[in-house]
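Trainee: Numbering (this note's numbering), first residue to last: 30 to 619.
Glycine is no exception: its CB is placed at the ideal position from the N, C-alpha and C atoms.
Being a predicted model, the structure only gives us computed values, none of them experimental.
Sharing a structure here in structure tokens format.
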Amino acid sequence: MNEFVMNTNFCRFHIQLILLAALTANGVETNFAPLALAGQTFIHDPSTIVKDGSNYFIFGTGPGIRTKSSPDLIHWQMGDSIFRTPPVWTKTVVPGFRGSMWAPDVVRVNGKFYLYYAVSTFGKQTSAIGLATNPTLDPDATNYLWTDSGPVISSSPAAAFNTIDPSALLDADGKLWLAFGSYWQGIFLTELDPQTGLRFSTNSPLFQLAWNNSIEAACLTRHENFYYLFVNWGQCCQGTNSTYEVRVGRAKKITGPYRDRDGGDLTTGGGSPFLASSGRFIGPGHIGIVDDGRTNGPTRFSYHYYDADTQGRSRLAIGKIDWSDGWPVAVNDAPETTNHWKLMWHDEFDTNGPPDPANWNYERGFVRNHELQWYQPENAYCTNGLLIIEARPKHKANPNYTTNRTDWRASRKWIECTSASLTTRRLQEFKYGRFEMRARIDTRLGSWPAFWTLGTTPRIGWPACGEVDIMEYYTGTVLANIDYGINGKSKWSTVKQPIVDLGGDAWSKEFHLWTMEWDEQKIDLRLDGKLMNHLDLAAADNADRGNPFHRPVYFILNQAIGGDSGGDPSHLAYPVRFEVDWVRVYQRAE
């Protein structure tokens, strides 16, 4: 290593220490982690999240403006784009425009929704911000109709600013404002007519709010007696190499001056740290304050990050703000309670190495369903916050092999692959509650992963003990199954969902949330918030040995290969991985 490299690394190390100290000193939560989301969460440059009716809506960069919705801020699904074809004016005002609209923002004004969006080309100053309006965000409503209102403001190479990244704020006095800007001379503000959503005139006053060598993605909000301006510093759009970070300042007047915690003016490069890269959450940016229609309660914010677990794809995240010292601090919106459920037990798999022995036992050997794999503990390990259950090729002798045996477990001479099956049996047992697993599964032919429960009552075997397959997958199909014994035979309730209907290969590349909600009356099985299967427990009252669904259960997590249902694994390329982000158990908060 030459002297230049050594000195460079030495300086970088000390710079990192200085930055960490600065973040901590300025009240930034360095261990912040966002709320765990599920479903269609890939998005770039997300807008403010706005609630309309019973659903939340968000908009993002993409052809025609991408849309997503959620009933609970957790489970997200894709919607139709706003525009099928770009408005005619876009290519006139921005000749190089290719159809992808950037960084939208939405605001509720007098019972109508104003959606602002940017039209530009990468790295160019010839840009414009457009406006579309709609009386509702519910696509099923009879009055749902987007109307384009044309350009609001535009820029050219002669301007001091670049008109992209709009952020709209309706103030308490009824005035409507629009912050915008990217690079050049930074972030600017102009007042809009709340009746039209447009500028009062083309020469309406402009106010410079912030500047930095690399600055964009403003978010303007008000909390109590101050206005707060969030901005991004650094580079976006480079996956895990992105250097985005969020800075903030505040002002007593919306037009500024905005100053950071140390009194630094944002127009001269000031800005207190708010959010930076941490773990898999790289390059956080495009802050938005969630509008849930309430004037009290916690402040939640949205943003995007580049997910190191998905090769740097941009995803939605949601966090919570603590205002206790008059400055915004990102704090964990931990799942202690969620919709009347209280977290009682969980495993986040945050410690590298073997899974926690206080929570997990192992099945060993050939176990069930003529499956190909030999189960062993070595195939389960934790890394980077994930439990990995990995099937691998391995040719070795079966230690239980015996000639002339009819039991398939002993009649196989050779082991051809290994995997793992983890169980909480005799360690963790649960009766009633909400059980959740966030995971990504391998959906190739021959893969057979599962997350399921069995009853724990001694001397009551299967199927009388009851079985619930919260997640099961094989041969192109996700299943949600409930089983119990009637007259010595299995009574199955099975629902199947083909992968192609869920999104095919794109679905398989994402993590998803599987949920079982269980109380004295029913069991509901959900995938990404959507009901898959339902059982009224009274239906099992005549089950063998009594209703099994009023007795405790334990979990099993396993990755099987082939067997009776897994499909032909002869062309399966190893390794096969079942990746589990977390397993959580909630019970009613009351």
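What residues match up with residue 500 in a beta bridge as DSSP calls it?
Mentor: 480.
Trainee: Would you check if there are 3 or more beta carbon pairs closer than 8 Å linking the segment 218-231 to the segment 166-184?
Mentor: Touching, yes.
Trainee: Over the uninterrupted alpha helix (DSSP H) stretch that includes residue 535, give me the two end residues.
Mentor: Looking at the DSSP string, the run of the alpha helix (DSSP H) that includes residue 535 is 534-537.
Trainee: So, for residue 593: in the same chain, excluding its five sequence neighbours on each side, which residues have a beta-carbon less than 6 Å away from its beta-carbon?
Mentor: Only 398 and 399 meet the Cβ criterion.
Trainee: For residue 357, count neighbouring Cβ atoms within 10 angstroms of its own Cβ and tell me buried if that reaches 16, exposed if not.
Mentor: Answer is buried; the Cβ neighbour count reaches 16.
Trainee: Using the three-state DSSP reduction, which class does residue 465 fall into: helix, strand or coil?
Mentor: In this structure, residue 465 counts as strand in the three-state DSSP scheme.
Trainee: Using 8 Å as the limit for Cβ to Cβ distance, is residue 535 near chain C?
Mentor: As a matter of chain content, chain C is missing from the structure shown, which is built from one protein chain.
Trainee: Output yes or no for whether 8 Å exceeds the beta carbon distance between residue 500 and residue 526.
Mentor: Not in contact: residue 500 and residue 526 (Cβ atoms no closer than 8 Å).
Trainee: In whole angstroms, what separates the C-alpha of residue 283 from that of residue 81?
Mentor: Each residue's alpha carbon lies about 27 Å from the other.
Trainee: Since residue 522 and residue 564 are thought to touch, with beta carbons under 8 Å apart, how far apart are those beta carbons, to the nearest angstrom?
Mentor: Between residue 564 and residue 522 the Cβ distance is about 6 Å, and since that is below 8 Å, they are a contact.
Trainee: Identify the continuous alpha helix (DSSP H) that holds residue 440 and give its terminal residues.
Mentor: Segment 437-440, the alpha helix (DSSP H) holding residue 440.
Trainee: Beta-carbon within less than 8 Å of residue 300's beta-carbon, same chain only, minus the 5 sequence neighbours each way: which residues are those?
Mentor: The answer, listed in chain order, is 239, 241, 260, 262, 276, 277, 278, 289 and 293.
Trainee: To the nearest angstrom, how far is the alpha carbon of residue 414 from that of residue 404?
Mentor: Taking the straight line from one Cα to the other gives about 23 Å.
Trainee: What residue does the alpha helix (DSSP H) around residue 570 start on, and which one ends it?
Mentor: Counting along the chain, residue 570 falls outside any alpha helix (DSSP H), and DSSP gives it neither H nor E.
Trainee: Do residue 235 and residue 217 have their C-beta atoms within less than 8 Å of each other?
Mentor: Result yes, Cβ atoms of residue 235 and residue 217 sit closer than 8 Å.
Trainee: Classify residue 488 as buried or exposed, calling it buried when 16 or more other Cβ atoms lie within 10 Å of its own Cβ.
Mentor: Residue 488 is exposed by the Cβ-count criterion.
Trainee: What separation, rounded to the nearest whole angstrom, lies between the Cα atoms of residue 511 and residue 480?
Mentor: Spanning the two alpha carbons is a distance of roughly 12 Å.
Trainee: First and last residue of the beta strand (DSSP E) that includes residue 134?
Mentor: Residues 129-138.
Trainee: Just confirm the distance between the C-beta atoms of residue 473 and residue 446, as a whole number of angstroms; I'd bet it's less than 8 Å.
Mentor: Not a contact, Cβ separation roughly 14 Å.
Trainee: Please report how far the alpha carbon of residue 134 lies from the alpha carbon of residue 215, in whole angstroms.
Mentor: The straight-line gap from Cα to Cα measures roughly 18 Å.
Trainee: For residue 45 and residue 248, what's the separation of their Cα atoms in angstroms?
Mentor: Caution applies to residue 45, whose pLDDT of 37 falls short of 50 and renders its modelled position unreliable; the model cannot decide the point.
Trainee: Contact between the segment 75-89 and the segment 161-168: three or more CB pairs below 8 Å?
Mentor: A contact exists between the segment 75-89 and the segment 161-168.
Trainee: Please report the residue range of the alpha helix (DSSP H) in which residue 148 lies.
Mentor: That residue, residue 148, is in no alpha helix (DSSP H); its beta strand (DSSP E) goes 141-148.
Trainee: How many angstroms separate the CA atom of residue 269 from the CA atom of residue 428?
Mentor: Near 46 Å, if we compare the C-alpha coordinates of residue 428 and residue 269.
Trainee: Buried or exposed, going by whether 16 or more other CB atoms sit within 10 Å of the CB of residue 117?
Mentor: It is exposed - the Cβ of residue 117 has fewer than 16 other Cβ atoms within 10 Å.
Trainee: Is residue 262 near the ligand NAD, in the sense that its beta carbon is under 7 Å from a heavy atom of that ligand?
Mentor: The ligand NAD is not part of the structure shown, which contains no ligands of any sort.
Trainee: Can you tell which of 209, 256 and 221 has the C-alpha that lies nearest to the C-alpha of residue 246?
Mentor: When each option's Cα is compared against that of residue 246, the closest is 209.
Trainee: So what does DSSP say about residue 72, is it helix, strand or coil?
Mentor: In this structure, residue 72 counts as coil in the three-state DSSP scheme.
Trainee: Sort out for me which residues DSSP pairs residue 85 with in a bridge.
Mentor: In the DSSP output, where bridge partners are listed per residue, residue 85 has 80 and 99.
Trainee: May I have the straight-line CA-CA distance separating residue 502 from residue 200, to the nearest angstrom?
Mentor: The straight-line gap from Cα to Cα measures roughly 50 Å.
Trainee: For residue 277, report the span of its alpha helix (DSSP H) as first-last.
Mentor: Per DSSP, residue 277 belongs to no alpha helix (DSSP H); it is in the beta strand (DSSP E), 274-280.
Trainee: With distances taken between CB atoms, is the gap from residue 76 to residue 68 smaller than 8 Å?
Mentor: No, these two residues do not count as a Cβ contact at 8 Å.
Trainee: Taking the DSSP output, what are the residues bridged to residue 399?
Mentor: Answer is none; residue 399 lacks a bridge partner.
Trainee: Excluding the 5 residues flanking residue 375 on each side, which residues of the same chain have their C-beta closer than 7 Å to its C-beta?
Mentor: Within the same chain, residue 375 has close Cβ partners 611, 612, 613 and 614.
Trainee: Terminal residues of the continuous beta strand (DSSP E) containing residue 123?
Mentor: Counting along the chain, residue 123 falls outside any beta strand (DSSP E), and DSSP gives it neither H nor E.
Trainee: Measuring straight from C-alpha to C-alpha, what distance separates residue 87 and residue 98?
Mentor: Each residue's Cα considered, the two are about 6 Å apart.
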